[in-house]
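A.B. asks: Numbering-wise, this note's numbering comes out as the position in the sequence shown, counting from 1, plus 2.
Every residue gets a Cβ at the ideal spot worked out from N, C-alpha and C, and that includes glycine.
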Amino acid sequence: MIGHSGTVAPILPADPRIPGRVPDAPVRARYDKRRLSYATTFDSPVRRGAIRSLEWLTGKATLLRLIRRFEREGVPEGQAFWGRALGIMGIAVETPEAQIRRIPREGPVVLVANHPHGLVD
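#1: How about R71 and I53: do their beta carbons lie closer than 8 Å?
#2: Are the beta-carbon atoms belonging to A114 and I105 less than 8 Å from one another?
#3: Please classify R107 as buried or exposed, where buried requires at least 16 other C-beta atoms within 10 Å of its C-beta.
#4: Use the C-beta contact count for R86: other C-beta atoms within 10 angstroms, 16 or more gives buried, fewer gives exposed.
#5: Quick one: Cα of V1 to Cα of L66, how far?
#6: Would you call the CB atoms of K62 and L38 closer than 8 Å?
#7: Looking at the unbroken alpha helix (DSSP H) that takes in L59, where does it start and where does it end?
Structure representation (structure tokens):
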């Protein structure tokens with residue numbers, strides 16, 4: 003929750019039993035579902051309404067449920083955050099060993115990824 007000073011207060015206690023949970027790491031305020039939308043980028047009320055409708059039809063409710071579950075179970079800090087977030091969404095990171103060996107030790111690299119929820123971005 004956001005306190006009177008504007009700081010984000012923990013909403014869940016640290017729980018060392020949760021894998022990847024950093025003890026005493028603060029848990030941020032619940033996500034405001036109104037902010038999880040591309041609709042606000044349009045001036046036209048018709049376009050905003052159309053975008054909101056498409057978002058709900060393409061899985062926004064499911065994504066919000068996953069976010070709430072993530073919040074209930076505890077949000078870890080640092081690197082553990084990503085593993086926990088992907089686990090909640092049921093996303094497996096698969097990188098074949100042969101592909102890893104092709105990554106140059108120096109110089110630029112281009113990564114291409116796919117995800118099941120368009121709103122994950």
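C.D. replies: For this structure:
#1: no
#2: Per the sequence shown, residue 114 should be read as Val rather than Ala. No, the Cβ-Cβ distance between V114 and I105 is not below 8 Å.
#3: exposed
#4: Flag for R86 reads buried.
#5: For the chain, the structure presents residues 3 to 123; residue 1 sits outside this window and is missing.
#6: yes
#7: 47 to 59
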